[in-house]
């Protein structure tokens, strides 16, 4: 007794069912009538299209709804500008890093050299209490903070399918914020009232500078995480002549605007965060954070060290240019007095110090007066700071970094 | 229920026998319950593994992907067995068009980085030209900082090309290893993409160039088709065994039955005469669209 259906491969019933499905699809034979009519120039029309009623375009009535819909951001928008502007924001990085930044800002680099006065001030030893304070600040920022956010997933390239347990901890943005603010506060505490009363410390200020380079309109939008301003402009004595400068490189076949996305909606004039009527408006030092969760390449590979260094140069350039344009007007080319600006970039562990000397805003070509960037890169503040078998540990603290930060504040 | 009432008083006389009410009921229910579904067959370059969400403009940003697991997106049914699971990789949109100037010196491009793409066996190179960034397939000895050239110019004397350069087939000497060959001039490189593969230029006939494909079959291309010189990267891919069944699952292959008879069917030994040269041309006459006949108006 057969309890189950037997399905035969050749089953006349299935054939009948499929017959209509197969026979229902017919490919018409191409008689070539269409082509010969076209050659003779006789117009023809598909019969099934001819019998359809013609649809007249209906009038669009604009009904006033609960709110105004935002206009789409294309050519018909009133603020749309024809000429695209290449924008550098705080989340994107330049492709070639520091070489591209050199070409863009017409700067020559003095590697590992800082102005004489800063080096002298950095040599002065700080009291032990200050270093204790710095170590405590590092521990506070890295380990003793009670923020619990989901940190990026940990991946092992040798075991691609393994899902590690998700780590919760302090986000790098908050850690950098805590650390830098505390360091600056320590520096201010150890200095006299005459120095500190002349300076403002501003957090998270945006500066915007728009400039022309070889027919391309370029805009840098940067946010200084800390901007220290003072009541008189910063001046450095930079007379050293026997420094081996790194000249502006040739980026052929890559153009200097690569990885700068063009935008059609932008502001025409530069913006400096402090009004000109305030006495303490002259920029002194700018601090920049490198948060690996926020800053990344468009092609999603990790950011290289050269790209990080390029970022600090463009940042210092933005703040200095915005200030220069506020002082001398939008169209200034060669500055009567060079503008100096200190810049510190950090990702919590590594510190990159730099001093920008802005001489000119005429950035076409590679001849003429150039801007100078003195830098001291890759100073590690500590090797690691974490819990080691339930005890908070700070390994290999480097006291020189505090010396430089203090020097930058006091010069 | 409604069908029962519809066929309540019916009986059809077909040839000598009379079909009863019950038979009509069963047949009608069978027709209604199983839709006339057309499931496509896998093969001919279409694999039901993933759908890539392409934006309108070309971009270097890795693209989102949805895995299909062997299912046809139209009907939702399983079409290709043995596909499913695996690590989801983002798709790097490769620019298959290596366009160059028709006259004058070739266009130079700089290789920035070599990446591995999870959606293909060969490696991918990030290349920058002027303002633009694009991805191309990386060749064997390509490294960051290389300069590669492209040109569509057909000179009288063949060009001595380096690895990674792209020239028209007519410009390359016989015996060069090429990959990423265009079918029609201007269509984008279609042939030879897998890791470690290459085609060899055998001979030239009038205005066609005969290239031997990795399957040892000679193909005849128009001399204006672009091809990239060199052998594709990741050469050890063909010789590395997968290693473990778990690794096969990571690649997106579900377990298979494993039935294999050494001397039978497709596993057995085959001796065939070599196939003739296949001419690659783009068809100019296409058949008219199929008309679907149906019962409703």
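Chains as they are written, first to last, in my numbering: chain A, 6 to 416; chain B, 195 to 491.
From the three backbone atoms N, C-alpha and C, an ideal C-beta is built for every residue, glycine too.
- Contacts between residue 35 of chain A and chain B, judged by CB atoms closer than 8 Å, involve 479, 481 and 482 in chain order.
- Shown here, residue 177 of chain A sits in a helix according to DSSP, grouped into three states.
- Under the Cβ distance rule, residue 315 of chain A does not count among the residues neighbouring chain B, no pair being separated by less than 8 Å.
- Under a 10 Å Cβ-count criterion, residue 319 of chain B is classified as buried, with 16 or more other Cβ atoms of the shown protein chains found around its own Cβ.
- Only 304, 306, 307, 309, 320, 322, 323, 324, 325, 326 and 327 from the region 304-328 of chain B bring a Cβ to less than 8 Å from some Cβ of chain A.
- Residues of the region 251-267 of chain B with a Cβ closer than 7 Å to any Cβ of chain A, in chain order: 254, 255 and 256.
- Secondary structure at residue 19 of chain A: helix, using DSSP grouped into helix, strand and coil.
- In this structure, DSSP gives residue 205 of chain A an extended state, which the three-state scheme calls strand.
- For residue 487 of chain B, the residues of chain A that pass the 7 Å Cβ criterion are 29 and 31, in the order they occur in the chain.
- For residue 302 of chain B, the closest Cβ of chain A is nearer than 8 Å.
- Taking 8 Å as the upper bound for CB-CB distance, residue 434 of chain B and residue 398 of chain B are not in contact here, some 36 Å apart.
- Residue 92 of chain A does not reach chain B, its nearest Cβ partner there being about 14 Å away, counting only Cβ pairs nearer than 7 Å.
- Nearest CB-CB separation between residue 281 of chain B and chain A: below the 8 Å threshold.
- The C-alpha of residue 239 of chain A lies about 9 Å from the C-alpha of residue 347 of chain A.
- Within the same chain, Cβ atoms closer than 6 Å to the Cβ of residue 349 of chain A are found at 292 and 358, the five residues on either side in sequence being excluded.
- Per DSSP, the beta-bridge partners of residue 383 of chain B are B:376.
- Per DSSP, the unbroken alpha helix (DSSP H) holding residue 44 of chain A starts and ends at 38-45.
- Beyond the five residues adjoining it in sequence on each side, residue 408 of chain A comes within less than 6 Å, by CB distance, of 127 in the same chain, given in chain order.
- In terms of Cβ geometry, residue 308 of chain B and residue 337 of chain B form a close pair [threshold 8 Å].
- Under the three-state reduction of DSSP, residue 357 of chain A is assigned to strand.
- Inside the region 244-317 of chain A, DSSP marks whole beta strand (DSSP E) runs of 3 or more residues at positions 287-294, from first to last along the chain.
- Under the three-state reduction of DSSP output, residue 305 of chain B falls in the strand class.
- Under the 8 Å criterion on CB atoms, residue 444 of chain B is classed as interfacial with respect to chain A.
- Residue burial is scored here from C-beta neighbours: residue 278 of chain A has at least 16 other C-beta atoms within 10 angstroms and is therefore classed as buried.
- Beta-bridge partners of residue 283 of chain B (DSSP): none assigned.
- DSSP, read as helix, strand or coil, puts residue 369 of chain B in coil.
- Chain B has no Cβ within less than 8 Å of the Cβ of residue 293 of chain A.
- When C-alpha distances from residue 290 of chain A are compared across A:250, A:101, A:361 and A:191, the shortest belongs to A:361.
- Rounded to whole angstroms, the gap between the alpha carbons of residue 222 of chain A and residue 215 of chain A is 7 Å.
- Of B:393, B:417 and B:326, the smallest CA-CA separation from residue 362 of chain B is found for B:417.
- The Cβ-Cβ distance between residue 427 of chain B and residue 322 of chain B does not fall below 8 Å.
- Taken in chain order, the complete beta strand (DSSP E) segments of 3 or more residues contained in the region 59-112 of chain A are 90-93.
- Residue pairing by DSSP places residue 237 of chain B opposite B:240 in a beta bridge.
- Between the alpha carbons of residue 375 of chain B and residue 412 of chain B lies a distance of about 13 Å.
- Beyond the five residues adjoining it in sequence on each side, residue 116 of chain A comes within less than 7 Å, by CB distance, of 251 and 380 in the same chain, given in chain order.
- Per DSSP, the continuous beta strand (DSSP E) segment holding residue 421 of chain B begins and ends at 420-423.
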